[in-house]
Amino acid sequence: MDALLFAKAAREEKDAMLENYLSSTDSMAGEQIAKLKAAGASDELIREVFDSVLTDCFYNILLGIDGQMPIGSLGERSYRLLAPDSTVIANASGTLAEAAYEAFYGEGEETAEG
Numbered sequence: 011m012d013a014l015l016f017a018k019a020a021r022e023e024k025d026a027m028l029e030n031y032l033s034s035t036d037s038m039a040g041e042q043i044a045k046l047k048a049a050g051a052s053d054e055l056i057r058e059v060f061d062s063v064l065t066d067c068f069y070n071i072l073l074g075i076d077g078q079m080p081i082g083s084l085g086e087r088s089y090r091l092l093a094p095d096s097t098v099i100a101n102a103s104g105t106l107a108e109a110a111y112e113a114f115y116g117e118g119e120e121t122a123e124g
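In the numbering used here, each residue's number is its place in the sequence shown (first place is 1) plus 10.
Given below as structure tokens:
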């Protein structure tokens, strides 16, 4: 596993969460979305808002892990993230930040499998 594969997996998780929130009322977010729809908010607008919020959240956490921005009150810190095979995924080198940008804002929307 490398930084890009890790970032793509995070993107997949974000996409799965978005679909779950939009298609189910079994969560607090799903209940709130149902209320927004009942109040007249369009499905498209709701999708855009939640997609933007989740993208920002996941992307910023990945940048924080790579030491490129603060995570909460911790400030900017370097974290070392290793794959199970000891491959370095993040170590404040900017590699995870670059991979996160590619996974969340890049041209292709490939999955973690390729």
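Ideal Cβ placement from N, Cα and C applies to all residues, glycine included. Just so we're clear, the structure is a prediction, and the values are computed from it rather than from any experiment.
Pairing residue 72 with residue 27 gives a Cβ-Cβ distance that is not under 8 Å. Rounded to whole angstroms, the Cβ separation of residue 106 and residue 48 is 40 Å, and the two are not in contact under 8 Å. Here DSSP, grouped into helix, strand and coil, assigns residue 100 to strand.
Within its own chain, the residues whose Cβ lies closer than 7 Å to the Cβ of residue 87, once the five positions on either side in sequence are excluded, are 77, listed in chain order. Taking all protein chains shown into account, residue 82 has fewer than 16 neighbouring C-beta atoms within 10 Å of its C-beta and is therefore exposed.
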